[in-house]
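I have placed the structure first, in the form of structure tokens, so that the comments after it can refer back to it.
There are 2 protein chains.
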Amino acid sequence: MKPKISDVAKVAGVSPTTVSRVLNNRGYLSEKTKKLVYRAMEELDYVPNDLARSLYNQRSNLIGLIVPTTSNPFFGELAFHLENICDSKGFKVMICNSSNREDKEMKYWDMLSRNQVDGMIVVSYNRGVFNERKLSHPVVAIDHYLSEQIPVVGSDNYAGGKAATTLLLEKGCKEIIHLHGPTSLNTPANLRKKAYEDVMCKNGVRPITLEVNEILNKQNQQRVIEQLFNTYPNVEGIFASDDMLAASVIREARLRNIEIPNQLKVVGYDGTEALQTFLPQLTTVQQPIEQIAETAIMKLVEMIEEKDQSEVSYETRLPITIKMGETT
Amino acid sequence: MKPKISDVAKVAGVSPTTVSRVLNNRGYLSEKTKKLVYRAMEELDYVPNDLARSLYNQRSNLIGLIVPTTSNPFFGELAFHLENICDSKGFKVMICNSSNREDKEMKYWDMLSRNQVDGMIVVSYNRGVFNERKLSHPVVAIDHYLSEQIPVVGSDNYAGGKAATTLLLEKGCKEIIHLHGPTSLNTPANLRKKAYEDVMCKNGVRPITLEVNEILNKQNQQRVIEQLFNTYPNVEGIFASDDMLAASVIREARLRNIEIPNQLKVVGYDGTEALQTFLPQLTTVQQPIEQIAETAIMKLVEMIEEKDQSEVSYETRLPITIKMGETT
DNA sequence: CTGAAAGCGCTTACAG
DNA sequence: CTGAAAGCGCTTACAG
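If you read the sequences in order, they're chains A and B. For the first sequence, counting from 1, position 301 maps to 301 in the working numbering; every step adds exactly one. Position in the second sequence (from 1) plus 1000 gives the number in the working numbering.
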């Protein structure tokens, strides 16, 4: 059996109360008692039981994290930073990969509630699920509106879309097409499209946005990309709303012997570390992933700590940077 | 306050014992009582407290996962599969990114122990840390030996190294160099090198292995790669022990105007999804990541369930496949 | 078929 | 400076 506080107490010749106080460094303790207790803990290889502690304290120091999948470098990198920051603040992270499925998101949500998480960070494209659930604990969303009560943190999508489009125009592209994820979802990411369309119109060029309906669906992506090249054989610039789309565009262009950047210029969005090792030549709009993670946790902790949530701003947009590559 | 079992009991007009039994579907219950209890739970929005449950049951259904970082697509993808499989078996996952630092691994290990994990999956390049810790719960390692007591699951590294080297030879390369991670660590991954050297010797060619000392250190990698090209300007084939190295090799070759695959052929190792979207043209040895995850969890659960651990095989090597790209 | 009591391993207000 | 008692929210052996 694992030793418990009462075992330590017996060995140290004190009461469990005293051991607990030594453990938490609370109240007045004589040096002698402390040493006795430390020695006993050492001798028994005592490990405190955080479950029991959390139960009594009504505080788990646990953060639930729901992402589509850490297989995707963007979410993998986001999860890394979120966990790291949580750790530095004394929080533990329970991770959930929803594959962006509503049913899984719901199950994970309930599971996390049962596990008494102090708060949750959610990356979901399915607003509906969360909109209706009563919030028994604070939640912060990344780059997607989940409900009126759930603050959102993300990159400055409008600035990103604007920068990408402007760059393509400056490089002399006339026919510029935007490849975008599903817009039926009301998310801040739609501002990438909005910015693209605004800039295009302002420059007297017709904006053309093609939509990829399903996120995480490679075949669907591929179909849309092929259609793009078939319908617009003279396309000179493509602004893809994420780097994986951009990579697929580059691949298709190569198959069609379209030279990049001479005949076609491509700009992506995200700028993960993985991209920078695997496809460093891609010009892309880089999201400040670590800063997004920091801000999200900061908000969440504020909500957890102070029960007055009126002070937490609903939406935060963090500045992007353009990473110049060889595709523009 | 959140409702607890006794609140439900009051509303349903039964005892807490009965509510608990309904919750766990244990023992004889009259249909009428069940309905009463369900209705009460519904009415109160009752959510069971898994912390309390785990405390009593001496079983958390929690798995701790320590990886270097989910930013790296290989670990990100591995984490995804591990979590998914855990979830399907009713386990929750607490995730820890160690950045491959011994001090962090130790802290995380202790943290997970305090949280009463039923078991741990560890990916670590630092054998020492774990070798000395007494195992208070089952542990399974991925692709690295941590101690005599900790089973290892990974890809068949020898077969992978052999396949890669053989391919390069078949494609006509004479001077083939192997880029390898730190070999001071005694890990199964060293078999990639061993296989390379065996195949080279068997074919009467001199094996040359260059070592990257620090994992996750980009500058160090870059230095070694530049040195490779400077020292061996006529290199015809490079077998890199992971895809990120291979990608850096390709980048450097491009800077030096070395044509791939005409002048130089490159084979990587891992074959993650991210690679397949970002750099699909790379020929690589593909690890069966999902299968590795499955096997690891299977072993871990066996160890958790049956206390007789003699039946669990110490090492498992899962079959690799060569994914042909355009770099060979 | 159902309930009162004890206990999982902690912590804290209260008393001394 | 230290301890006995109660309680965090559950579950289960025991009794009825």
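Ideal Cβ placement from N, Cα and C applies to all residues, glycine included.
According to the neighbour-count rule (16 or more other Cβ atoms, all chains shown, within 10 Å of its Cβ), is A/Asn-115 buried or exposed? buried
From this set, A/Ile-250, A/Arg-223 and A/Asn-126, which residue's C-alpha is nearest A/Glu-102's C-alpha? A/Asn-126
Of the residues that make up the segment 1066-1077 of chain B, which ones have a beta carbon closer than 7 angstroms to any beta carbon in chain A? Thr-1069, Thr-1070, Ser-1071, Pro-1073, Gly-1076 and Glu-1077
Tell me the DSSP secondary structure of B/Ile-1066 in three-state form. strand
Whole runs of the beta strand (DSSP E) within the segment 88-139 of chain A, excluding any shorter than 3 residues: 92-97 and 119-122
Using alpha carbons as the reference points, say which of A/Glu-326, A/Ser-313, A/Lys-323 and A/Thr-328 lies closest to A/Gly-154. A/Ser-313
Can you tell me where the alpha helix (DSSP H) holding B/Pro-1222 begins and where it ends? The amino acid occupying residue 1222 of chain B in the given sequence is Gln; Pro does not appear at that position. Segment 1218-1231, the alpha helix (DSSP H) holding B/Gln-1222.
Would you check whether the ligand PLP has a heavy atom nearer than 7 angstroms to the C-beta of A/Lys-89? Looking at this structure, you won't find the ligand PLP or any other ligand, since it has none at all.
Could you check the C-alpha separation between A/Ala-141 and A/Ile-121 for me, to the nearest Å? 6 angstroms
Segment contact flag, the segment 56-67 of chain A with the segment 7-17 of chain A, C-beta cutoff 8 angstroms, min 3 pairs: no
Hey, is A/Arg-114's beta-carbon within less than 8 angstroms of any beta-carbon in chain B? yes
At a Cβ cut of 7 angstroms, what residues of the segment 267-290 of chain A count as close to chain B, listed as they run along the chain? Glu-273, Ala-274, Leu-275, Thr-277, Phe-278, Leu-279 and Pro-280
Which same chain residues end up closer than 8 angstroms to B/Pro-1261 when comparing Cβ atoms and leaving out the 5 residues on each side of it in sequence? Lys-1171, Glu-1326, Thr-1327 and Thr-1328
So that I know if they touch, is there some Cβ in chain A lying closer than 8 angstroms to that of B/Phe-1111? Sequence check: residue 1111 of chain B is Met here, not Phe. For B/Met-1111, the answer is yes, since a Cβ of chain A falls inside 8 angstroms of its Cβ.
Sorted by chain position, which residues of the same chain lie with C-beta nearer than 8 angstroms to B/Glu-1077's C-beta, five sequence neighbours on each side aside? Thr-1272, Glu-1273, Ala-1274 and Ile-1289
Can you find a CB in chain A that lies within less than 8 angstroms of the CB of B/Pro-1319? no
Can you tell me whether A/Cys-173 is buried or exposed? The criterion is at least 16 other CB atoms within 10 Å of its CB, across all chains shown. buried
Identity of the residues DSSP links to A/His-81 by a beta bridge: Per DSSP, none; premise fails for A/His-81.
Could you check where the alpha helix (DSSP H) with B/Glu-1305 kicks off and where it finishes? 1289-1305
Note down the Cα distance separating A/Leu-279 from A/Arg-256, rounded to an integer number of angstroms. 19 angstroms
Check whether chain A comes within 8 angstroms of B/Leu-1055, counting only Cβ atoms and requiring the distance to be less than that. yes
Quick one: what's got a C-beta closer than 7 angstroms to A/Phe-303's C-beta in the same chain, skipping five residues either side? At residue 303 of chain A the sequence reads Met, which differs from the Phe that was named. Taken in chain order, the residues that qualify are Gly-119, Pro-138, Gln-309 and Val-312.
Closer than 8 angstroms at the beta carbon, the chain A residues around B/Leu-1051: Leu-51, Ser-54, Leu-55, Ser-60, Asn-115 and Gln-116
Quick one, which residues of the segment 1236-1261 of chain B are near chain A if we go by CB-CB under 7 angstroms, in chain order? Met-1244, Ala-1247, Ser-1248 and Arg-1251
Among the residues of its own chain, which have a CB less than 7 angstroms from the CB of A/His-81, if the five just before and after it don't count? Ile-289, Glu-290 and Ala-293
Give a yes or no on whether the minimum CB-CB distance between B/Ser-1063 and chain A is below 8 angstroms. What sits at residue 1063 of chain B in the sequence shown is Ile, not Ser. No, B/Ile-1063 does not count as interfacial toward chain A.
Cβ-Cβ separation, A/Leu-23 to A/Pro-3 (assumed contact under 8 angstroms), whole Å: Going by Cβ atoms, the distance from A/Pro-3 to A/Leu-23 rounds to 13 angstroms, so no, they are not a contact pair.
Tell me the DSSP bridge mates of B/Asp-1270? B/Gln-1286
Beta strand (DSSP E) segment containing B/Glu-1315, residue limits: 1315-1318
Show which residues of chain B have a CB atom less than 8 angstroms away from the CB atom of A/Met-120. Here the premise fails: no neighbours, minimum Cβ distance about 14 angstroms.
Could you tell me the distance, in whole angstroms, from the CA atom of A/Ser-30 to the CA atom of A/Ser-6? 19 angstroms
Under three-state DSSP, which class holds B/Ala-1009? helix
Within the 8 angstroms Cβ cut-off, does B/Ile-1095 reach chain A? yes
Have a look at B/Leu-1055, B/Asn-1213, B/Met-1001 and B/Pro-1182 and flag the residue whose alpha-carbon is nearest the alpha-carbon of B/Leu-1044. B/Met-1001
Can you pull the chain A residues whose beta carbon is under 9 angstroms from the beta carbon of B/Asp-1143, in chain order? Going along chain A, no residue has its Cβ under 9 angstroms from B/Asp-1143, so there is no contact; the nearest lies around 18 angstroms.
State the DSSP-derived secondary structure class of B/Glu-1043, mapped to helix, strand or coil. helix
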